[in-house]
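I have placed the structure first, in the form of structure tokens, so that the comments after it can refer back to it.
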Amino acid sequence: MTHSTDLIADDIEQYLERHASKTMLRFITCGSVDDGKSTLIGRLLYESKLVLEDQLTALEADSRKVGTQGEGLDFALLVDGLAAEREQGITIDVAYRYFSTEQRKFVVADTPGHEQYTRNMVTGASTADLAVILVDARKGVLTQTRRHSYLVSLLGIRHVVLAVNKLDLVDYSEEVFEQIVGDYAGFAQGIGLDDVVAIPMSAYVGDNLTEHSPNTPWYDGPTLMAHLETVEIDDDLLASPFRMPVQWVNRPDLDFRGFSGQIVSGVVRPGDRVRVLPSGKESAVSRIVTMGGDMAEAVAGQSVTITLADEIDVSRGDVLAVADALPGVADQFEAQVVWMGEDEMLPERPYLCQIGTMTVQARITKPKHKVNVNTLEKTATNTLALNEIGVCNISFDRPVPYDAYAANRDTGGFILIDRLTNGTVGAGMISHSLRRSDNIHWQVVDVDERAREKLMGHRPQVLWLTGLSGSGKSTIANELEGRLHALGAHTYLLDGDNVRHGLNRDLGFTDADRVENIRRVTEVARLMADAGLIVIASFISPFRAERDAARELVGPEQFCEVFVDTPVDIAEGRDPKGLYKKARRGELANFTGIDSAYEPPRSPELRIDTTSISPEQAAGQIVDLLRSRGVIA
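Residue 483 in the numbering used here sits at position 440 of the sequence shown, and the numbers go up by one each step.
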């Protein structure tokens, strides 16, 4: 949607040139439900004469059919696109609108007000320069007002408009306006929002949107549109050091090798010294290549291909950075995390993490506290639930280049992704790296895996037996170790019950404790395999995510998943330890197969049907599998 001007008809090239040179403002509208966010945007477009005739006709028809304003136009319908939103009169998804005036181009995100859609609001705010926070004049500052304001501050938005809306419903009372402004100012100061402009308005009537309203003669500040057109957005990205995450290695032929991506901060020119991170290799920029030809300079926001003077290794996910102002490189951080998953966050569960163009494996190692957005009180916690915000320690599986989020959103922000569903479950903002990330280094040793393998006479391996309680895992594992011992193999059996007597005696059977139980066992199994042993790990290990993480940590060539497949009714019939009976009586909570889920392997190296073969036969199948993999002779 574009501002109409006679210049379009008179000189289209001049218009396009002028339009391209306009600055752009990205802003969001947020606040509590039914504060009038969608109505505000719709009315703003209407008052600015940015609604086309066919859209106005459709709006009139939709207002009569599903509108909430009686005979009047329901301007919210210009924005509320989802059928569910129109039926309920609320915003569920993030709706983006693009428009321009003579002074500026705009991208506006209308974000949800309901607490259950806080994650959608975070999505809309992640790229915004300014936030319009609406407050219903009849209700004042509410919980969601504080929640969204806190998120705005957390996500680095420093320019805020406090839009005191529906002032017509309180007789345009200056006293009501000043009371709300005073209430909000104290909270805003506490969360670091210093640039707050308060505007009294009625989005439905149009007061103080594009012109000063005669209904508020006591207000002499700017209209909303005037403020949006003139607010100075600090161009910090251009002043910041050069950063470009590499998205693609461009190699069309043998004579050209460039690195493509979007510059997220700073300026780069041919001849500039740059360093590739995390490797630390240095070179100089040779060319800046685009479809339109080589450039003498490229700036933040532009997508380019950079060639280097030296042949050095650069891959997708690496960051090109100016050599004299480098980002940090670390694998452990303190970060603020907004949890977006329906299931609560589980400490030490492996998630995928997207930071820049790099994807790594991440674990939230320790939530330090969560924040009560109403009081800003910090409370101790072991997890985060949907829409909760907390400060956590997070660990990546490899060092990554980063800046603090406060300095650079693109190199300091990340999202967490569920490994099984590929759904986004969290958004994070790096505060700083942890000191141990810089001070602890991997020690190189002289006796390596090959030397140990030669000494042992066989290859190391981790045999991971998984299945329900009572499936026969321990019996098969014990039989298997006996056979391997007879063959002269060096083995160790890690049994689920045995490790809980020592290493994991502090853990219970909640989902979080189960995750930590398997994490510790995996680390032990990896060390034993590194020592050259054949490790037999017999654990229920109910979650695929942890078993997949174990495979990745140990290495697929040294990891073998054996699914001891026994139906729950047969396992319960055996019940050698009486655990199923206790679970049925309610004496044993979180019991796998009864009130806690078991996720069977999708592609195990071996599936053992214990309803048709004996433990001795099962052990024989595993021995045959080891021979086929070249582990033993």
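Yeah, the Cβ is synthetic: ideal placement off N, Cα and C, and Gly gets one too.
Contact test: C73 Cβ vs the ligand NAD heavy atom, cutoff 7 Å: Absence of the ligand NAD is noted for the structure shown, with no ligands found whatsoever.
Nonlocal neighbours in the same chain, by C-beta distance under 6 Å from A368, ignoring five residues either side: Here residue 368 corresponds to residue number 325 of the sequence shown, with the count starting at 1. These residues qualify, in order along the chain: P284.
Beta-carbon contacts of A447 that lie in its chain and below 8 Å, excluding the five residues immediately before and after: Walking along the sequence shown from the start, residue 447 turns up at place 404. Within the same chain, A447 has close Cβ partners G455, I473, S474, H475.
Straight-line gap, Q131 to F457 (C-alpha atoms, nearest Å): Walking along the sequence shown from the start, residue 131 turns up at place 88. Walking along the sequence shown from the start, residue 457 turns up at place 414. Residue confidence for Q131 is low, a pLDDT of 42 falling below 50, so the modelled location carries little weight; the figure read from the coordinates is stated next. Cα to Cα, the separation comes out at about 33 Å.
Reference V542; option with closest CA among I519, E559, D489: For the purposes of this step, residue 542 is identified with residue 499 of the sequence shown, where counting begins at 1. In terms of CA proximity to V542, E559 leads the group I519, E559, D489.
Rounded separation between T266 and M244 - CA only: Position 223 of the sequence shown holds residue 266. Position 201 of the sequence shown holds residue 244. Going by the C-alpha atoms only, they are around 9 Å apart.
L88 - partner residues in DSSP beta bridges: Taking the sequence shown and counting its residues from 1, the one referred to as residue 88 is at position 45. Under DSSP, L88 shares a beta bridge with no residue.
Spatial distance of V274 from P370 (CA atoms): One-based indexing of the sequence shown puts residue 274 at position 231. One-based indexing of the sequence shown puts residue 370 at position 327. Rounded to whole angstroms, V274 and P370 show a C-alpha spacing of 30 Å.
Buried versus exposed call for W507 [16 or more other C-beta atoms within 10 Å across all chains shown]: If you number the sequence shown from 1, residue 507 lands on position 464. Label assigned to W507: buried.
Counted within 10 angstroms of its Cβ, other Cβ atoms place S358 as buried (16 or more) or exposed: Indexing the sequence shown from 1 puts residue 358 at position 315. S358 counts as exposed, since fewer than 16 other beta carbons sit within 10 angstroms of its beta carbon.
Every unbroken alpha helix (DSSP H) inside the region 568-650 [4 residues or more]: Entirely contained in the region 568-650, the alpha helix (DSSP H) runs reaching 4 residues are, in chain order, 587-597, 611-617, 622-627.
Segment contact, 8 Å Cβ cut-off, at least three pairs: the region 328-336 with the region 407-418: No contact exists between the region 328-336 and the region 407-418.
Three-way DSSP call (helix, strand, coil) for G336 in this model: As a first step, residue 336 is located in the sequence shown; it is residue number 293 there, counting from the start. The answer is strand: DSSP assigns G336 an E or B state.
Beta-carbon separation (whole angstroms), V678 vs V381, contact threshold 8 Å: It is not possible to answer for residue 678, since the shown part of the chain is limited to 44 through 676.
CA nearest to the CA of Y141, picked from G183, I84, A168: Against the sequence shown, residue 141 aligns to sequence position 98. Selection G183, I84, A168 evaluated against Y141 yields I84 as nearest (Cα-Cα).
Span separating the alpha-carbon of I637 from that of R392: Translated into the one-based positions of the sequence shown, residue 637 becomes position 594. Translated into the one-based positions of the sequence shown, residue 392 becomes position 349. Straight-line Cα distance between these residues: approximately 22 Å.
Straight-line gap, V362 to N251 (C-alpha atoms, nearest Å): One-based indexing of the sequence shown puts residue 362 at position 319. One-based indexing of the sequence shown puts residue 251 at position 208. Looking at the backbone, the Cα of V362 and that of N251 are separated by about 46 Å.
Minimum C-alpha distance to G515 - residue among A364, Q660, A626, V490: Taking the first residue of the sequence shown as 1, we reach residue 515 at position 472. Nearest to G515 by C-alpha distance, out of A364, Q660, A626, V490, is Q660.
G575 beta carbon less than 8 Å from that of P11: Since the first residue shown for the chain is 44 and the last is 676, residue 11 is missing from the structure and cannot be characterised.
Proximity of R650 and F582 at Cβ, strictly below 8 Å: In the sequence shown, residue 650 corresponds to position 607, counting from 1. In the sequence shown, residue 582 corresponds to position 539, counting from 1. No, Cβ-Cβ distance for R650 and F582 is not below 8 Å.
Cβ distance (whole Å) where S512 is taken to contact L622 below 8 Å: Position 469 of the sequence shown, counted from the start, is the residue given in the question as residue 512. Position 579 of the sequence shown, counted from the start, is the residue given in the question as residue 622. The pair is a contact, with the Cβ atoms about 6 Å apart (cut-off 8 Å).
L550 versus L197: straight-line alpha-carbon distance, rounded: For the purposes of this step, residue 550 is taken as residue 507 along the sequence shown, with counting starting at 1. For the purposes of this step, residue 197 is taken as residue 154 along the sequence shown, with counting starting at 1. Cα-Cα distance, rounded: 34 Å.
Rounded straight-line distance, which links the Cα of V307 to that of L280: For the purposes of this step, residue 280 is identified with residue 237 of the sequence shown, where counting begins at 1. For the purposes of this step, residue 307 is identified with residue 264 of the sequence shown, where counting begins at 1. Straight-line measurement puts the Cα of V307 at about 7 Å from the Cα of L280.
Span separating the alpha-carbon of I135 from that of A568: As a first step, residue 135 must be located in the sequence shown, where it is residue number 92. As a first step, residue 568 must be located in the sequence shown, where it is residue number 525. At I135 the pLDDT is 39, less than 50, meaning the model places this residue with poor confidence and gives no usable figure here.
C-beta contact flag for L668 and C603 at 8 Å: Here residue 668 refers to the residue found at position 625 when the sequence shown is read from its first residue. Here residue 603 refers to the residue found at position 560 when the sequence shown is read from its first residue. Going by C-beta atoms, L668 is nearer than 8 Å to C603.
Segments of 4+ residues assigned as alpha helix (DSSP H) that fall wholly inside the region 506-556: Contiguous alpha helix (DSSP H) elements confined to the region 506-556 occur at 516-529, 539-542, taking only those with 4 or more residues.
Outcome for T82 when other beta-carbon atoms lying within 10 angstroms are tallied against a minimum of 16: Locating residue 82 in the sequence shown gives position 39, where the first residue counts as 1. Classification of T82: buried, given that the 10 Å Cβ count is 16 or more.
Three-state secondary structure assigned by DSSP to A661: Looking up residue 661 in the sequence shown gives position 618. Collapsing the DSSP output to three states places A661 in a helix.
Separation of G663 from G673, as counted between CA atoms: On the sequence shown, residue 673 is found 630 positions in, with the first residue counted as 1. On the sequence shown, residue 663 is found 620 positions in, with the first residue counted as 1. If you take the alpha carbons of G673 and G663, they lie about 16 Å apart.
Extent of the continuous beta strand (DSSP E) to which A475 belongs: Mapped onto the sequence shown, residue 475 falls at position 432. In the sequence under discussion, the amino acid at residue 475 is His, which differs from the Ala named in the question. Where H475 is concerned, the enclosing beta strand (DSSP E) stretches over 467-476.
Distance between V597 and R557 (C-alpha atoms, nearest Å): Within the sequence shown, residue 557 is the residue found at index 514, counting from 1. Within the sequence shown, residue 597 is the residue found at index 554, counting from 1. Their backbone Cα atoms lie some 19 Å apart in a straight line.
T82 - DSSP class collapsed to helix/strand/coil: As a first step, residue 82 must be located in the sequence shown, where it is residue number 39. Taken through DSSP and simplified to helix, strand or coil, T82 comes out as helix.
Simplified DSSP state of T424, which is helix, strand or coil: Translated into the one-based positions of the sequence shown, residue 424 becomes position 381. Here T424 carries a coil assignment [DSSP, helix/strand/coil].
With 16 other Cβ atoms within 10 Å as the buried cut-off, status of I432: Reading the sequence shown from its first residue, position 389 is the one you call residue 432. Counting the other Cβ atoms within 10 Å of the Cβ of I432 gives 16 or more, which makes it buried.
Residues sharing a beta bridge with V342, DSSP: Taking the sequence shown and counting its residues from 1, the one referred to as residue 342 is at position 299. In DSSP, V342 forms a bridge with V310.
Residues of its chain near I561, where Cβ-Cβ distance is below 6 Å and the 5 sequence neighbours each way are ignored: Reading the sequence shown from its first residue, position 518 is the one you call residue 561. Here the set comprises S584, E589.
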